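A.B. asks:
There are 2 protein chains.
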Amino acid sequence: MKGKATSFDIAHLTGVSQSTVSRALRDSPLVSEETRQRIKAAADQLNYKVDKNASNLRSQHSGTLALLLFEDPTADDSHINPFFLSMLGSITRACALRGYDLLISFQQLSYDWHADYADTKKADGIILLGYGDYLAYRDKLEKLAAQGTHSVRWGAVLPDQPDVSIGCDNFQGGHAVATHLLEQGCKRIAFLGDASSHYPEFFERYRGYVAALQEGGVTAEPMLQVDATESTEQAGYGAMETLLERDAPFDAVFAASDLIAIGAMRALTDRGIKVPDQVAVAGFDDIPMARFLNPPLTTVLQDTKLAGETLVDNLIRLIRREPVETLVLPVKLVVRRSSLLASR
Amino acid sequence: MKGKATSFDIAHLTGVSQSTVSRALRDSPLVSEETRQRIKAAADQLNYKVDKNASNLRSQHSGTLALLLFEDPTADDSHINPFFLSMLGSITRACALRGYDLLISFQQLSYDWHADYADTKKADGIILLGYGDYLAYRDKLEKLAAQGTHSVRWGAVLPDQPDVSIGCDNFQGGHAVATHLLEQGCKRIAFLGDASSHYPEFFERYRGYVAALQEGGVTAEPMLQVDATESTEQAGYGAMETLLERDAPFDAVFAASDLIAIGAMRALTDRGIKVPDQVAVAGFDDIPMARFLNPPLTTVLQDTKLAGETLVDNLIRLIRREPVETLVLPVKLVVRRSSLLASR
DNA sequence: CTGAAAGCGCTTACAG
DNA sequence: CTGAAAGCGCTTACAG
Numbered sequence: 001m002k003g004k005a006t007s008f009d010i011a012h013l014t015g016v017s018q019s020t021v022s023r024a025l026r027d028s029p030l031v032s033e034e035t036r037q038r039i040k041a042a043a044d045q046l047n048y049k050v051d052k053n054a055s056n057l058r059s060q061h062s063g064t065l066a067l068l069l070f071e072d073p074t075a076d077d078s079h080i081n082p083f084f085l086s087m088l089g090s091i092t093r094a095c096a097l098r099g100y101d102l103l104i105s106f107q108q109l110s111y112d113w114h115a116d117y118a119d120t121k122k123a124d125g126i127i128l129l130g131y132g133d134y135l136a137y138r139d140k141l142e143k144l145a146a147q148g149t150h151s152v153r154w155g156a157v158l159p160d161q162p163d164v165s166i167g168c169d170n171f172q173g174g175h176a177v178a179t180h181l182l183e184q185g186c187k188r189i190a191f192l193g194d195a196s197s198h199y200p201e202f203f204e205r206y207r208g209y210v211a212a213l214q215e216g217g218v219t220a221e222p223m224l225q226v227d228a229t230e231s232t233e234q235a236g237y238g239a240m241e242t243l244l245e246r247d248a249p250f251d252a253v254f255a256a257s258d259l260i261a262i263g264a265m266r267a268l269t270d271r272g273i274k275v276p277d278q279v280a281v282a283g284f285d286d287i288p289m290a291r292f293l294n295p296p297l298t299t300v301l302q303d304t305k306l307a308g309e310t311l312v313d314n315l316i317r318l319i320r321r322e323p324v325e326t327l328v329l330p331v332k333l334v335v336r337r338s339s340l341l342a343s344r
Numbered sequence: 001m002k003g004k005a006t007s008f009d010i011a012h013l014t015g016v017s018q019s020t021v022s023r024a025l026r027d028s029p030l031v032s033e034e035t036r037q038r039i040k041a042a043a044d045q046l047n048y049k050v051d052k053n054a055s056n057l058r059s060q061h062s063g064t065l066a067l068l069l070f071e072d073p074t075a076d077d078s079h080i081n082p083f084f085l086s087m088l089g090s091i092t093r094a095c096a097l098r099g100y101d102l103l104i105s106f107q108q109l110s111y112d113w114h115a116d117y118a119d120t121k122k123a124d125g126i127i128l129l130g131y132g133d134y135l136a137y138r139d140k141l142e143k144l145a146a147q148g149t150h151s152v153r154w155g156a157v158l159p160d161q162p163d164v165s166i167g168c169d170n171f172q173g174g175h176a177v178a179t180h181l182l183e184q185g186c187k188r189i190a191f192l193g194d195a196s197s198h199y200p201e202f203f204e205r206y207r208g209y210v211a212a213l214q215e216g217g218v219t220a221e222p223m224l225q226v227d228a229t230e231s232t233e234q235a236g237y238g239a240m241e242t243l244l245e246r247d248a249p250f251d252a253v254f255a256a257s258d259l260i261a262i263g264a265m266r267a268l269t270d271r272g273i274k275v276p277d278q279v280a281v282a283g284f285d286d287i288p289m290a291r292f293l294n295p296p297l298t299t300v301l302q303d304t305k306l307a308g309e310t311l312v313d314n315l316i317r318l319i320r321r322e323p324v325e326t327l328v329l330p331v332k333l334v335v336r337r338s339s340l341l342a343s344r
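Respectively, the protein sequence lines represent chains U and B.
Taking UniProt numbering, the leading residue of the first sequence gets 1, the next gets one more, and so forth.
Taking UniProt numbering, the leading residue of the second sequence gets 1, the next gets one more, and so forth.
#1: Could you compute how far the alpha carbon of T149 (chain U) sits from the alpha carbon of K121 (chain U)?
#2: Would you say L181 (chain U) and A280 (chain U) are within 8 Å of each other, going by their C-beta atoms?
#3: Mapping the DSSP letters down to three states, classify V281 (chain B) as helix, strand or coil.
#4: Could you name the residues of the same chain whose beta carbon sits closer than 6 Å to that of R153 (chain U), not counting the 5 residues immediately before and after it, in chain order?
#5: On a CA-only basis, which of B:A228, B:Q161 and B:L297 is nearest E325 (chain B)? Give me that one, please.
#6: Can you confirm whether G238 (chain B), when its beta carbon is compared against all beta carbons of chain U, has any partner nearer than 8 Å?
#7: How big is the Cα-Cα spacing for R321 (chain B) and D194 (chain B)?
#8: According to the Cβ coordinates, are L235 (chain U) and G263 (chain U) closer than 8 Å?
#9: For I260 (chain U), report the span of its beta strand (DSSP E) as first-last.
#10: Is the shortest distance between the beta-carbon of I104 (chain B) and the beta-carbons of chain U less than 8 Å?
#11: Assign F8 (chain U) to one of two classes, buried (16 or more other C-beta atoms within 10 Å of its C-beta) or exposed (fewer than that).
#12: In whole angstroms, what is the alpha-carbon distance linking F84 (chain U) and Y100 (chain B)?
#13: Going by Cα to Cα distance, which pick from U:A178, U:E215 and U:Q225 is closest to S196 (chain U)?
#14: Distance check for P295 (chain B) and L192 (chain U), CA to CA, integer angstroms please.
#15: Report yes or no: do the region 138-147 of chain U and the region 129-146 of chain B share at least 3 C-beta pairs separated by less than 8 Å?
#16: For Q107 (chain B), name the three-state secondary structure that DSSP assigns.
#17: For G185 (chain B), I'd like the list of residues in its chain whose CB is within less than 7 Å of its CB, leaving aside the five on either flank, ordered along the chain.
#18: Would G125 (chain B) and I273 (chain B) be called neighbours here (beta carbons separated by less than 8 Å)?
#19: Could you give the distance in angstroms between the alpha-carbon of S90 (chain B) and the alpha-carbon of K305 (chain B)?
#20: Just list the residues that DSSP pairs V164 (chain U) with in beta bridges.
#21: Give a yes or no on whether the C-beta atoms belonging to A261 (chain U) and S339 (chain U) are separated by under 8 Å.
#22: Taking a Cβ distance cut-off of 7 Å, strictly less, list which residues of the region 290-322 of chain B are near chain U, in chain order.
#23: Compare the C-beta of I80 (chain B) with all C-beta atoms of chain U and state if any pair is closer than 8 Å.
#24: Could you spell out the range, first to last residue, of the alpha helix (DSSP H) harbouring F8 (chain U)?
#25: How would you call N47 (chain U), buried or exposed, if buried means at least 16 neighbouring beta carbons within 10 angstroms?
#26: Quick one: any contact between the region 196-213 of chain U and the region 18-37 of chain B, if contact means 3 or more CB pairs under 8 Å?
#27: Beta carbons nearer than 8 Å to chain U: which residues of the region 32-64 of chain B have them?
#28: Let me confirm a value: P323 (chain B) is counted as buried when at least 16 other C-beta atoms fall within 10 Å, else exposed. Which label applies?
#29: Using a Cβ cut-off of 8 Å (strictly closer), state whether T120 (chain U) contacts chain B.
#30: Which class does L181 (chain U) belong to by DSSP, given the choice of helix, strand or coil?
#31: How far does the alpha helix (DSSP H) with F234 (chain B) in it extend, from its first residue to its last?
#32: Would you please state the rounded distance, in angstroms, between the beta carbons of H198 (chain B) and L135 (chain B)? I believe it to be under 8 Å.
#33: If contact means a Cβ-Cβ distance below 8 Å, which residues of the region 129-142 of chain U contact chain B?
#34: Using three-state DSSP, classify L297 (chain B) as helix, strand or coil.
#35: Is there a Cβ of chain U sitting closer than 8 Å to that of T92 (chain B), yes or no?
#36: Run down chain B in chain order and give the residues with a C-beta less than 7 Å from the C-beta of G89 (chain U).
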């Protein structure tokens, strides 16, 4: 027996046809229990494994999902947003549990992803995950959909989207943060993060914040909103600098992501402004390091485990041509010291 | 043209044979420049992509690498060591740059990974990454090697290993930390982390620490070494509790990983013991949150970018049957406030 | 430089 | 329940 064993080797060994071997190994009900046992024993003995390439080629599906993490071209090599890293972890586990393999890839937003994984039949479907200008990649999503590629995307859930998207309740999260800050007695709450349809998730968080302010009888001031389109510490630092230069007083900051909040907190600290005593700070995502910051960061927990499972389950449903809906996942406000003015 | 285009469709369209199409698309020098251009234009027009399953089946290699992250069975679902997460990031990028796809999978240490990826021909080789009892999985590595599976592993670089392993200079890292703590005036430096051949990376760090102590005229005391086999905060917390119960005085702690250090710091803080004023603390790995801790954590930076590239490059070399050596990567001590007694 | 043909190792109608 | 045969879409000797 030279090289890897094939189904023919098992057939010879057990005295059945190769077709029967193939059936037995896939637990087809067409094979008698006794034959199946014998074949499986022989397969074990020869250390036989089905050749996935042959099997996929013939059956025209791969049992593989592809995860595409896309990033701003400005993002540097070294760091991935920790939030995506935990999504990645939960997606990986969810795939394994459901018997799918996972291909993973990072892509610049500019790259032609609509072409790669599904078209080459390496994957049955694609999970899209990433930050970036939604309006800039929207037509790629449309192309994907037009080609009949199965895909699900983590992002804002909006009407009229070309694909199936699943996201957390960004509006509710923003609302909860702003309500909490108001309850702490804050009156002038700044928002760091884009507030336009270019970044729909941030925009939803912003809209939730505005709604909560209104409910509290406070008007959102344009002077207190600063764009931070990238979810990085540097963007947060820069946005805080911009805010400070405007010389508009504020007693709280809601950053559209934890990374932005971290950068903003550092900018405050660098200028001797105390958090939370002078300015309360809150973020969004609850990345692992949020609780280790000084002070620990108030933020909005997105359940990445549930999110990963939901993405995988819905993609599989899509592949099986079962009905799928866009879905909004609940969020949870996590209050930590960075926003607790009781400690004043 | 129903369904996806095949190489035959392109052949018809351009009036050449299917063989020529195949050659042209893979830039074979056997095809004339003019023909190649025509074929590529037609392929673009039909949005044609080579079917990887067919191509792999025929050529008997997949252009895919598998990353296996194995974990202690005790590890809970939700969190992966941030250090591995950054390795994963850098491995993913390195694969992409070299034109390989990456399959990723988390496995319990107990699972039969020697069987899965390479045998089914889904991947040409495997990258092994993880913590766990080395002596417990060593025979699996041997089985892998015996089967001729191409694999590289991140871990301690020791003599007589069954596979190609690549790791950082754990000894030097431990040595640098202990030397630094001695220079800070610490005399009684505890070590948290296993110090046996079950966990060779920790053991090397421990040996570096012992060597540095000896050079400084200090003898390592068994009373000041506490096992922490898992790289988790809980393990670090527990190890610190054990150390405190022993009632042996200590003025510094070298934790075998940042996660262990974080747990240990918390245990100290919970008891009102000040870091670094009463006890200096250092870790190992330089995970992203290390610099955000309070106080920021002194640690040893492992260059995950270089590590990922080295793993991928060497695995590819193995696949091409080129010579490969085990490799030790340099480390760098990163001093932060947690060990700076000047601030006393 | 190009083409006709074989064959990679499976799955799946089709026939019994 | 089982087998003989076709064929998935490529790559690669082989022949010219």
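We put the CB at the ideal spot given by N, CA and C, even for glycine.
On a predicted model such as this, the values are computed, not experimentally measured, just so you know.
C.D. replies: On the basis of the supplied data:
#1: Residue mapping note: residue 149 (chain U) aligns to position 149 of the first sequence, counting from 1. Residue mapping note: residue 121 (chain U) aligns to position 121 of the first sequence, counting from 1. Whole-angstrom Cα-Cα distance: 10 Å.
#2: Position 181 of the first sequence, counted from the start, is the residue given in the question as residue 181 (chain U). Position 280 of the first sequence, counted from the start, is the residue given in the question as residue 280 (chain U). Against a cut-off of 8 Å, the Cβ pair of A280 (chain U) and L181 (chain U) comes out as a contact.
#3: Locating residue 281 (chain B) in the second sequence gives position 281, counting from the first residue. If DSSP states are grouped into helix, strand and coil, V281 (chain B) belongs with the strands.
#4: For the purposes of this step, residue 153 (chain U) is taken as the residue at position 153 of the first sequence. Within the same chain, Cβ atoms closer than 6 Å to the Cβ of R153 (chain U) are found at L128, D163 and S165, the five residues on either side in sequence being excluded.
#5: Residue mapping note: residue 325 (chain B) aligns to position 325 of the second sequence, counting from 1. When each option's Cα is compared against that of E325 (chain B), the closest is B:Q161.
#6: Residue numbering aside, residue 238 (chain B) sits at position 238 when the second sequence is read from its first letter. Against chain U, the CB of G238 (chain B) has no partner CB under 8 Å away; the residue lies outside that interface.
#7: In the second sequence, the residue the question calls residue 321 (chain B) occupies position 321. In the second sequence, the residue the question calls residue 194 (chain B) occupies position 194. Answer to the nearest angstrom: the Cα atoms are 36 Å apart.
#8: Sequence index remark: in the first sequence, residue 235 (chain U) carries index 235 (1-based). Sequence index remark: in the first sequence, residue 263 (chain U) carries index 263 (1-based). A small correction: the amino acid at residue 235 (chain U) is Ala; Leu does not occupy that position in the sequence shown. Contact flag set, yes.
#9: Here residue 260 (chain U) refers to the residue found at position 260 of the first sequence. First-last for I260 (chain U): D258 to D270, but that is the alpha helix (DSSP H), not the beta strand (DSSP E).
#10: Within the second sequence, the letter at position 104 stands for residue 104 (chain B). Judged by the 8 Å Cβ criterion, I104 (chain B) is in contact with chain U.
#11: Taking the first sequence and counting its residues from 1, one reaches residue 8 (chain U) at position 8. Flag for F8 (chain U) reads exposed.
#12: As a working note, residue 84 (chain U) is residue 84 in the first sequence. As a working note, residue 100 (chain B) is residue 100 in the second sequence. Taking the straight line joining both Cα atoms gives about 22 Å.
#13: Start at 1 with the first residue of the first sequence, and residue 196 (chain U) comes out as number 196. It is U:Q225 whose Cα lies nearest to the Cα of S196 (chain U).
#14: Position 192 of the first sequence, counted from the first residue, corresponds to residue 192 (chain U). Position 295 of the second sequence, counted from the first residue, corresponds to residue 295 (chain B). So the two alpha carbons sit approximately 27 Å from each other.
#15: Below 8 Å, too few C-beta pairs join the region 138-147 of chain U and the region 129-146 of chain B to call them touching: fewer than three.
#16: Against the second sequence, residue 107 (chain B) aligns to sequence position 107. Strand.
#17: Residue numbering aside, residue 185 (chain B) sits at position 185 when the second sequence is read from its first letter. Closer than 7 Å at Cβ, skipping near neighbours: L341.
#18: As a first step, residue 125 (chain B) is located in the second sequence; it is residue number 125 there, counting from the start. As a first step, residue 273 (chain B) is located in the second sequence; it is residue number 273 there, counting from the start. No. Outside cutoff.
#19: On the second sequence, position 90 is the one that residue 90 (chain B) refers to. On the second sequence, position 305 is the one that residue 305 (chain B) refers to. The straight-line gap from Cα to Cα measures roughly 5 Å.
#20: By 1-based counting over the first sequence, the position of residue 164 (chain U) is 164. Answer is U:V152.
#21: Working through the first sequence from its first residue, we reach residue 261 (chain U) at position 261. Working through the first sequence from its first residue, we reach residue 339 (chain U) at position 339. The answer is no: Cβ separation not under 8 Å.
#22: Residues of the region 290-322 of chain B whose Cβ lies closer than 7 Å to any Cβ of chain U, in chain order: F292, L293, N294 and K305.
#23: Reading the second sequence from its first residue, position 80 is the one you call residue 80 (chain B). At a cut-off of 8 Å between C-beta atoms, I80 (chain B) counts as an interface residue with respect to chain U.
#24: If you number the first sequence from 1, residue 8 (chain U) lands on position 8. F8 (chain U) -> alpha helix (DSSP H) spans S7 to T14.
#25: Stepping through the first sequence from its first residue, residue 47 (chain U) is reached at position 47. That one is exposed.
#26: In the pairwise beta carbon analysis, the region 196-213 of chain U is classified as not touching the region 18-37 of chain B: fewer than three pairs are separated by under 8 Å.
#27: For the region 32-64 of chain B, the set of residues with a beta-carbon nearer than 8 Å to any beta-carbon of chain U comprises N47, K49, V50, D51, K52, N53, A54, N56, L57, S62 and T64, in chain order.
#28: Walking along the second sequence from the start, residue 323 (chain B) turns up at place 323. P323 (chain B) is exposed by the Cβ-count criterion.
#29: Numbered from its first residue, the first sequence carries residue 120 (chain U) at position 120. It does; some Cβ of chain B falls within 8 Å.
#30: To locate residue 181 (chain U), count along the first sequence from 1; it is residue 181. In the structure shown, L181 (chain U) sits in a helix (DSSP, three-state: H, G or I).
#31: On the second sequence, residue 234 (chain B) is found 234 positions in, with the first residue counted as 1. One point to set straight first is that residue 234 (chain B) is Gln, not Phe, in the sequence displayed. First-last of the alpha helix (DSSP H) with Q234 (chain B): E233 to R246.
#32: Sequence index remark: in the second sequence, residue 198 (chain B) carries index 198 (1-based). Sequence index remark: in the second sequence, residue 135 (chain B) carries index 135 (1-based). That pair is a contact at about 5 Å.
#33: None of the residues of the region 129-142 of chain U has a beta carbon lying less than 8 Å from any beta carbon of chain B.
#34: Indexing the second sequence from 1 puts residue 297 (chain B) at position 297. Correct three-state label for L297 (chain B): coil.
#35: Taking the first residue of the second sequence as 1, we reach residue 92 (chain B) at position 92. Judged by the 8 Å Cβ criterion, T92 (chain B) is in contact with chain U.
#36: Walking along the first sequence from the start, residue 89 (chain U) turns up at place 89. Neighbours of G89 (chain U) on chain B, chain order: I80.
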